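Residue numbers for the sequence shown follow our numbering, beginning at 95 and rising by one. Each residue gets a CB set at the ideal place from its N, CA and C atoms; glycine is no exception. Please read all numbers here as calculations on a predicted model, not as lab measurements. Working notes, beginning with the structure itself.
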Amino acid sequence: SIEPADFCQLECPECPVGLSKRKSGLKINLHHFMSVVDALKNELLHIIFYFQGEPLLNKDLSKMINYAHKAAIFTSTSTNAQLLNNNNAKEIVLSGLDKLIVSVDGATQDVYERYRVGGQLSLTLEGIENINFWKKELKSRTPFVEIQFVVFKTNQHQMAEMKQLAKSLGVYRLSFKSAQLYDFENGNPLL
Numbered sequence: 095s096i097e098p099a100d101f102c103q104l105e106c107p108e109c110p111v112g113l114s115k116r117k118s119g120l121k122i123n124l125h126h127f128m129s130v131v132d133a134l135k136n137e138l139l140h141i142i143f144y145f146q147g148e149p150l151l152n153k154d155l156s157k158m159i160n161y162a163h164k165a166a167i168f169t170s171t172s173t174n175a176q177l178l179n180n181n182n183a184k185e186i187v188l189s190g191l192d193k194l195i196v197s198v199d200g201a202t203q204d205v206y207e208r209y210r211v212g213g214q215l216s217l218t219l220e221g222i223e224n225i226n227f228w229k230k231e232l233k234s235r236t237p238f239v240e241i242q243f244v245v246f247k248t249n250q251h252q253m254a255e256m257k258q259l260a261k262s263l264g265v266y267r268l269s270f271k272s273a274q275l276y277d278f279e280n281g282n283p284l285l
């Protein structure tokens, strides 16, 4: 697992990075990443390009993915897709990324932003459409796009609507994920 950037542009209330409200931080250096892959490529099967930060904040993400791809290593990343514009989407498809997880925790802006504070649902959906466009344009089967919907009290009523949205976007998979809540003993509005 590699953390391309240990910060995020959103302020999700149950994310350690979002809670910190840091808009800048550390990014892994491309040359350091390449040396790690060179040293471990004979043992590596899969590199996960995310942990808590937003990987697309590292301008070298596509280059790192491509380097791992050329070493025959399966690659995946997870994103809020706020930065998955047309150019970034093309780079991601060209990089050879195998799996792309996109966090979509609401089918409408008002529900989405209850958790993805500072995010725009329209940018997220546009990012998925950009990936789909470039996959078709470049005749690429990958990345397989998975929408991840973290289920909270605030969005559980939209699960059926998310199934329809995922179907209309033509994604590979929709997964519903249980929430990781820090302060649940005393109650939590998301629980």
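Is it buried or exposed for residue i, if we count other Cβ within 10 angstroms and need 16 for buried?
{"i": "Lys247", "result": "exposed"}
{"i": "Ala133", "result": "exposed"}
{"i": "Met158", "result": "buried"}
{"i": "Lys233", "result": "exposed"}
For the alpha helix (DSSP H) containing residue i, name the first residue and the last one.
{"i": "Ser189", "result": "Asn180 to Ser189"}
{"i": "Ile222", "result": "Leu215 to Glu231"}
{"i": "Glu207", "result": "Gln203 to Tyr209"}
Report yes if the C-beta distance between residue i and residue j is below 8 Å; otherwise report no.
{"i": "Phe243", "j": "Met256", "result": "yes"}
{"i": "Asn249", "j": "Asp199", "result": "yes"}
{"i": "Leu188", "j": "Leu150", "result": "no"}
Where do the N-terminal and C-terminal ends of the beta strand (DSSP E) with residue i fall, by residue?
{"i": "Leu263", "result": "Leu263 -> not in any beta strand (DSSP E); alpha helix (DSSP H) instead, spanning Met253 to Leu263."}
{"i": "Ile79", "result": "Examination of residue 79 is not possible in this model, given that the chain is present from 95 through 285 alone."}
What does residue i pair with, by DSSP beta-bridge criteria?
{"i": "Gln242", "result": "Ser197 and Ser269"}
{"i": "Lys121", "result": "Ala99"}
{"i": "Ser172", "result": "Ile195"}
{"i": "Ile159", "result": "Per DSSP, none; premise fails for Ile159."}
{"i": "His140", "result": "Phe168"}
Can you name, in chain order, every residue of its own chain whose Cβ lies under 6 Å from the Cβ of residue i, other than the five neighbours on each side?
{"i": "Lys193", "result": "Ser170, Pro237 and Phe238"}
Excluding the 5 residues preceding and the 5 following residue i in the sequence, name in chain order all residues of the same chain whose CB lies nearer than 7 Å to its CB.
{"i": "Ile241", "result": "Val196, Val198, Ala260, Val265 and Leu268"}
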